[in-house]
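Q:
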Amino acid sequence: MRSELNDTQNEPGGTIVSNLGADGMSPRSGWGKRFVKLSRSPVGLTGAIVVAVVLFVALFGSYLTPHDPGLTDLYNRLVPPSWVDGGQPQHLLGTDQLGRDILSRIIMGTQVSVAVGISAVLVAGVVGVTFGLITGYFGGILDTLLSRFLDSFMAIPGILLTMTVLGVLGPGVITLVFVLGFTRWVGYARVVRGEVLSLKSREYVEAAKALGQSNFWILARHVLPNVMASIIVLATLNVATTIIAESSLSFLGLGVQPPTITWGQMLNDGRDYITTAWWLATFPGVAITISVLGVLFLGDWLRDVLDPRLRK
Amino acid sequence: MKRYIARRLLQIIPVIIGVSIIVFVLLRLTGDPVILMLPEDATPQEIESLTTALGLDKPLHVQYWVFFKNALKGDFGRSFRFKAPALQIVLERMPHTLQLAGAAMLVALVIAIPLGIISAVKQNSAIDLTASTVSVLGRAMPNFWLGLMLIIVFAVVLRWLPVSGKGTLSHLILPAATLGTGMAATITRLIRSSMLEVIRQDFITTARSKGLSESVVIYKHALRNALIPVVTIVGIQTATLMGGAVVTEQVFAWGGIGQLAVLALNMRDMALVQAIVMVMALIIIFANLFVDIVYCIIDPRISFE
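Which chain is which? The protein sequence lines are A and B, in order. Taking the numbering used here, I'd label the letters of the first sequence as residues 107 to 418. Taking the numbering used here, I'd label the letters of the second sequence as residues 38 to 342.
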């Protein structure tokens with residue numbers, strides 16, 4: 107919790123800032139130091155461990171499930187968690203309306219959340235960073251047009267925009283990744299554009315220009331590395347919001363469709379049995395919250411270490 | 038002042054045109070909006086007559102112009118599900134969504150303002166620590182899941198409140214709490230940092246050095262300045278609020294625009310979807326306009342030029 111508390115207190119001149127290069131960020135100088143720092147930051151370490159566990163479960167989930175997650179067992183429908191009266195020891199978190207093991211389904215659901223979360227962020231990052239670099243560096247009419255477009259884009263709630271595109275194109279994992287990516291790139295474009303605006307008047311960029319280097323080379327060699335820290339932080343925190351968005355869409359029945367298992371779908375099923383079987387609607391949500399919490403902790407820690415300026 | 042408002046009004050025109058272009062493009066992503074607008078069992082004759090009626094056999098810019106002219110008149114086409122003009126159905130449901138959004142904003146501010154101020158004034162105290170913990174949890178928890186948990190606790194176990202539906206005040210409490218507490222997490226953090234910034238300014242040091250009591254310094258000098266950004270926060274949060282309403286309405290079967298959007302998308306009632314996206318965007322655009330104007334009135338440091 108320390109990073110949360112110290113966010114404004116530690117600003118210029120804090121211990122974190124002094125470890126960075128003269129320009130406030132020279133990311134190559136101290137990955138080793140940062141790793142040591144991670145082990146000393148309880149928040150960062152917790153985040154890293156949770157994220158590592160979630161990634162492990164996502165990768166090897168199919169070997170970890172105690173039961174076949176798709177196997178229905180109508181004699182054992184709506185069995186409560188094992189520690190509750192009527193619970194069975196072989197179903198730790200109980201079973202759903204078709205007798206499927208909830209723990210196994212949560213384990214399998216991790217795959218979709220992680221895959222969609224990371225891929226959508228990659229799509230959003232590539233689109234947003236490209237737009238941000240181009241408009242920030244070249245300015246002019248393109249920049250004006252993009253700013254107006256962003257204003258319009260921001261006027262439509264993200265979830266409604268995503269829902270509509272999914273409704274038009276039809277649901278599916280690949281569609282979902284691209285839709286979430288293409289509706290979430292605005293943040294990157296804004297941040298990168300802002301940073302590029304200030305970077306492009308720096309001496310080393312001017313010097314590169316004077317040497318006759320091409321615009322593409324300047325952007326790739328001199329500008330992009332300097333905005334990378336902000337992009338990494340933004341991307342990490344974005345994985346968290348994307349996981350929540352994916353689960354919301356699946357909850358609404360517009361995201362990933364059965365038989366692929368997702369946490370959002372499980373919660374949607376749970377809503378129908380909420381008055382009789384509370385465990386259906388409870389545990390998938392716990393899984394989402396823990397995963398997102400891990401990513402947020404890691405992201406907040408990265409922000410403190412990589413880019414103190416983003417902390418406000 | 039009048040000039041500022043006039044200029045600000047002019048500024049929203051390109052934004053509205055932009056939104057209309059986005060909506061127009063969205064429905065043409067598959068290439069043929071007619072298929073989307075008609076029920077799946079539509080006959081070839083129905084498809085052909087709607088294609089001609091919407092002018093889809095004409096070039097794209099002509100199509101957009103027709104769409105834009107109709108939208109200006111409030112004509113987004115007819116909803117085949119409700120057999121009525123799409124806009125009319127959306128406007129009928131709108132008061133429910135506004136009621137939920139308003140109540141949620143109230144819940145959020147009632148929690149966030151005192152909590153944000155106390156956290157800043159008593160920095161690193163137990164209250165501050167608790168507030169940050171809860172705030173991080175609020176960011177990590179999907180809002181609709183919080184809603185489900187509140188239903189389990191207050192409607193199923195304690196039986197104090199109804200599970201879902203609308204009508205009475207008791208129906209409003211759970212959805213408003215769900216949507217409001219989620220937002221309170223964000224707003225508390227913003228108010229805390231705004232207050233911290235004000236406390237460190239020179240006039241606060243001056244007030245303290247004059248020998249004023251701490252409570253006068255905090256509540257009379259700092260608070261009034263720290264609350265100004267709250268107005269902006271309310272504006273920025275409108276989009277989040279409307280987006281959150283879509284999901285929350287679904288959890289509680291609230292019957293506003295949000296639930297209508299999910300229904301319309303599942304029914305592929307695209308005329309209705311168009312109208313919903315446009316109306317939501319207009320609510321957000323005008324809420325932000327209103328907030329900008331209020332901001333200028335309450336903060337004399339802003340110049341209108």
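Glycine is no exception: its CB is placed at the ideal position from the N, C-alpha and C atoms. On a predicted model such as this, the values are computed, not experimentally measured, just so you know.
Would you check if the distance between the CB atom of Pro96 of chain B and the CB atom of Ile394 of chain A is smaller than 7 Å?
A: Sequence index remark: in the second sequence, residue 96 of chain B carries index 59 (1-based). Sequence index remark: in the first sequence, residue 394 of chain A carries index 288 (1-based). No, they are not a contact pair.
Q: So if DSSP puts Arg409 of chain A in a beta bridge, which residue, or which two residues, is it bridged to?
A: Sequence index remark: in the first sequence, residue 409 of chain A carries index 303 (1-based). According to DSSP, which records beta bridges pairwise, Arg409 of chain A is partnered with nothing at all.
Q: Check the Cβ of Met317 of chain B against every Cβ in chain A and list those closer than 9 Å, keeping chain order.
A: The sequence position of residue 317 of chain B within the second sequence is 280, counting from 1. Per Cβ cutoff of 9 Å: Ala261, Ile262, Pro263 and Leu266.
Q: Could you tell me which residues DSSP pairs with Pro122 of chain B in its beta bridges?
A: Position 85 of the second sequence holds residue 122 of chain B. Looking at the DSSP assignment, Pro122 of chain B forms a beta bridge with B:Arg115.
Q: Determine whether the Cβ of Ile164 of chain B lies closer than 7 Å to any Cβ atom of chain A.
A: Within the second sequence, the letter at position 127 stands for residue 164 of chain B. Closer than 7 Å: no.
Q: State the DSSP-derived secondary structure class of Asp94 of chain B, mapped to helix, strand or coil.
A: Here residue 94 of chain B refers to the residue found at position 57 of the second sequence. Correct three-state label for Asp94 of chain B: coil.
Q: For Phe181 of chain B and Gly293 of chain B, what's the separation of their Cα atoms in angstroms?
A: As a first step, residue 181 of chain B is located in the second sequence; it is residue number 144 there, counting from the start. As a first step, residue 293 of chain B is located in the second sequence; it is residue number 256 there, counting from the start. Straight-line Cα distance between these residues: approximately 16 Å.
Q: Taking its Cβ as the centre, do 16 or more other Cβ atoms sit within 10 Å of Leu317 of chain A, making it buried, or is it exposed?
A: Counted from its first residue, the first sequence places residue 317 of chain A at position 211. Exposed, since its Cβ has fewer than 16 Cβ neighbours within 10 Å.
Q: To the nearest angstrom, report how far apart Ser124 of chain A and Gly223 of chain A are at their CA atoms.
A: As a position in the first sequence, residue 124 of chain A is number 18, starting the count at 1. As a position in the first sequence, residue 223 of chain A is number 117, starting the count at 1. With a pLDDT of only 37 at Ser124 of chain A, under the threshold of 50, the placement of this residue in the model should not be trusted; the figure read from the coordinates follows. Between Ser124 of chain A and Gly223 of chain A, the C-alpha separation is close to 33 Å.
Q: Answer with yes or no whether the minimum CB distance from Phe113 of chain B to chain A is below 7 Å.
A: For the purposes of this step, residue 113 of chain B is identified with residue 76 of the second sequence, where counting begins at 1. Phe113 of chain B does not count as touching chain A.
Q: Is it buried or exposed, His98 of chain B, if we count other Cβ atoms within 10 angstroms and call 16 or more buried?
A: Position 61 of the second sequence, counted from the start, is the residue given in the question as residue 98 of chain B. So His98 of chain B ends up on the exposed side.
Q: Answer yes if the segment 201-212 of chain B comes into contact with the segment 250-263 of chain B, meaning at least three C-beta pairs across the two stretches below 8 Å, and no otherwise.
A: In short, these stretches do not touch, since the Cβ pair count stays below three.
Q: Along the chain, which unbroken stretches of the alpha helix (DSSP H) at least 4 residues long are found entirely within the segment 238-308 of chain A?
A: Here the runs fully enclosed are 246-260, 264-275, 279-289 and 292-305.
Q: If I'm right that Gly55 of chain B touches Ser258 of chain A with Cβ under 8 Å, what's the distance once you round it to whole angstroms?
A: To locate residue 55 of chain B, count along the second sequence from 1; it is residue 18. To locate residue 258 of chain A, count along the first sequence from 1; it is residue 152. With 8 Å as the limit, Gly55 of chain B and Ser258 of chain A qualify as a contact, their Cβ atoms being about 3 Å apart.
Q: Would you mind sorting Ile322 of chain B into buried or exposed? The rule is 16 or more other CB atoms within 10 Å of its CB.
A: The residue you call residue 322 of chain B lines up with position 285 of the second sequence. Flag for Ile322 of chain B reads buried.
Q: Look at the alpha carbon of Val159 of chain A and the alpha carbon of Phe289 of chain B, and state the distance between them as a whole number of angstroms.
A: Reading the first sequence from its first residue, position 53 is the one you call residue 159 of chain A. Reading the second sequence from its first residue, position 252 is the one you call residue 289 of chain B. Going by the C-alpha atoms only, they are around 34 Å apart.
Q: When you compare each of A:Ile350, A:Val218 and A:Thr268 to Ser168 of chain A by their alpha carbons, which one comes out closest?
A: Here the question's residue 168 of chain A lines up with position 62 in the first sequence. Comparing Cα-Cα distances from Ser168 of chain A to each of A:Ile350, A:Val218 and A:Thr268, the minimum goes to A:Val218.
Q: Can you tell me the Cα-Cα spacing of Leu174 of chain B and Phe389 of chain A, whole angstroms?
A: The residue you call residue 174 of chain B lines up with position 137 of the second sequence. The residue you call residue 389 of chain A lines up with position 283 of the first sequence. If I take the Cα positions, the gap works out to 16 Å.
Q: On a CA-only basis, which of A:Val401, A:Gly231, A:Arg183 and A:Ala154 is nearest Trp385 of chain A? Give me that one, please.
A: Here the question's residue 385 of chain A lines up with position 279 in the first sequence. Checked all of A:Val401, A:Gly231, A:Arg183 and A:Ala154; the closest Cα to Trp385 of chain A is A:Arg183.
Q: Name the residue from B:Val331, B:Met307 and B:Ala276 whose alpha carbon lies nearest to the alpha carbon of Arg65 of chain B.
A: The residue labelled residue 65 of chain B in the question sits at position 28 within the second sequence. Nearest option by C-alpha distance: B:Met307.
Q: Where do the N-terminal and C-terminal ends of the alpha helix (DSSP H) with Lys39 of chain B fall, by residue?
A: Residue 39 of chain B sits at position 2 when you count from the first residue of the second sequence. Residues Lys39 to Leu63.
Q: Does the Cβ of Ala326 of chain A have 16 or more other Cβ atoms within 10 Å, making it buried, or fewer, making it exposed?
A: For the purposes of this step, residue 326 of chain A is identified with residue 220 of the first sequence, where counting begins at 1. So Ala326 of chain A counts as exposed.
Q: Beta-carbon of Asp378 of chain A versus every beta-carbon of chain B: anything under 7 Å?
A: Your numbering for residue 378 of chain A matches position 272 in the first sequence. Not one chain B Cβ lies under 7 Å of Asp378 of chain A.
Q: Which one of B:Ile53, B:Tyr41, B:Asn161 and B:Ile59 has the shortest CA to CA distance from Leu266 of chain A?
A: As a position in the first sequence, residue 266 of chain A is number 160, starting the count at 1. Selected option, being the one with the closest Cα: B:Ile59.
Q: Between which residues of its own chain and His328 of chain A is the CB-CB distance below 7 Å, once the five residues before and five after are set aside?
A: Translated into the one-based positions of the first sequence, residue 328 of chain A becomes position 222. Within the same chain, His328 of chain A has close Cβ partners Tyr310, Val311 and Ala314.
Q: With DSSP as the reference, label Asp306 of chain B as helix, strand or coil.
A: Position 269 of the second sequence holds residue 306 of chain B. Residue state, collapsed to three classes: coil.
Q: Compare the beta carbon distance of Phe61 of chain B and Phe117 of chain B with 7 Å and say whether it is the shorter of the two.
A: Against the second sequence, residue 61 of chain B aligns to sequence position 24. Against the second sequence, residue 117 of chain B aligns to sequence position 80. Against a cut-off of 7 Å, the Cβ pair of Phe117 of chain B and Phe61 of chain B comes out as no contact.
Q: Does Thr381 of chain A come within less than 7 Å of chain B when only Cβ atoms are used?
A: As a working note, residue 381 of chain A is residue 275 in the first sequence. Yes, because at least one Cβ of chain B sits closer than 7 Å to the Cβ of Thr381 of chain A.
Q: Would you mind telling me which residues of chain B sit closer than 7 Å to Gly246 of chain A, beta carbon to beta carbon, in chain order?
A: In the first sequence, residue 246 of chain A corresponds to position 140, counting from 1. By Cβ distance, chain B contributes nothing, its closest Cβ being about 17 Å from Gly246 of chain A, past 7 Å.
Q: My output table needs one value for Ala201 of chain A: the three-state DSSP class, helix, strand or coil.
A: Sequence index remark: in the first sequence, residue 201 of chain A carries index 95 (1-based). The identity of residue 201 of chain A in the sequence shown is Thr, whereas the question assumes Ala. Strand at Thr201 of chain A.
Q: With burial defined as no fewer than 16 other Cβ atoms inside 10 Å of the residue's Cβ, what is the status of Glu251 of chain B: buried or exposed?
A: As a working mapping, residue 251 of chain B is identified with position 214 in the second sequence. Glu251 of chain B should be labelled exposed.
Q: By the three-class DSSP mapping on this structure, what secondary structure does Asp179 of chain A have?
A: Residue 179 of chain A sits at position 73 when you count from the first residue of the first sequence. The answer is coil: DSSP assigns Asp179 of chain A none of H, G, I, E or B.
Q: Straight-line CA distance for Ile50 of chain B to Trp369 of chain A?
A: For the purposes of this step, residue 50 of chain B is identified with residue 13 of the second sequence, where counting begins at 1. For the purposes of this step, residue 369 of chain A is identified with residue 263 of the first sequence, where counting begins at 1. For Ile50 of chain B and Trp369 of chain A, the distance between alpha carbons rounds to 41 Å.
Q: Could you give the DSSP three-state label for Asp239 of chain B: helix, strand or coil?
A: Position 202 of the second sequence, counting from 1, holds the residue named residue 239 of chain B. In this structure, Asp239 of chain B counts as helix in the three-state DSSP scheme.
Q: For the 8 Å Cβ check, are there 3 or more pairs between the segment 266-282 of chain A and the segment 328-342 of chain A?
A: Output reads no: the segment 328-342 of chain A does not touch the segment 266-282 of chain A.
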